[in-house]
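Trainee: Mind having a look at this structure? Questions to follow.
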Amino acid sequence: MLKRYAICRNCRHWRQGVPSDMRQPALEDISSDVGACEMAPASMFEMDGQWVAFQPIVHFSRSCADFDQPQRDPDPDVDGPDDDGPGDGEPHPLPSRVRNLFPIAA
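Everything in the sequence shown is counted per our numbering, starting at 71 for the first residue and increasing by one.
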């Protein structure tokens with residue numbers, strides 16, 4: 071998985087804009103850059119003599135150990151055949167390097 075995709079925003083356990091306090095409704099706010107991570111059970115804290123559950127609040131650009139780390143090439147080809155450099159992420163082939171599977175009729 072590419073590193074830019076291994077972030078909380080793309081995780082099914084991240085809920086955008088919901089509060090940390092599990093006693094409040096989980097109404098999502100799609101304009102928020104932070105949200106609750108629901109990957110693990112909520113942490114319990116004692117407040118005023120009662121136990122309260124809280125989920126961690128994280129920014130959408132964060133990541134965790136549950137995402138697979140991308141394989142790192144020890145000797146990246148800076149001038150790769152797809153005109154990319156290290157860290158470019160996805161190939162961007164030149165039109166001259168792409169083979170048409172079917173002829174394009176005009």
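Just so you know, even glycine gets a beta-carbon here, dropped at the ideal spot from N, CA and C. In this text, all values refer to a predicted model and were calculated from it rather than measured experimentally.
Where do the N-terminal and C-terminal ends of the beta strand (DSSP E) with Phe124 fall, by residue?
Mentor: It spans 120 to 124 - the beta strand (DSSP E) in which Phe124 sits, taken as one unbroken run.
Trainee: Mind checking Trp84: buried by the 16 CB within 10 Å criterion, or exposed?
Mentor: The residue is buried, with at least 16 neighbouring Cβ atoms inside 10 Å.
Trainee: Count the other CB atoms within 10 Å of the CB of Gly119; is the residue buried (16 or more) or exposed (fewer)?
Mentor: Per the 10 Å Cβ criterion, exposed.
Trainee: In angstroms with no decimal places, state the Cα-to-Cα distance between Ala122 and Ala76.
Mentor: The displayed chain sequence assigns Val, not Ala, to residue 122. Roughly 30 angstroms between the two C-alpha positions.
Trainee: Hey, quick one: how far does the beta strand (DSSP E) through Glu177 stretch, first residue to last?
Mentor: Because the chain is modelled from 71 through 176, residue 177 falls outside the range shown and cannot be assessed.
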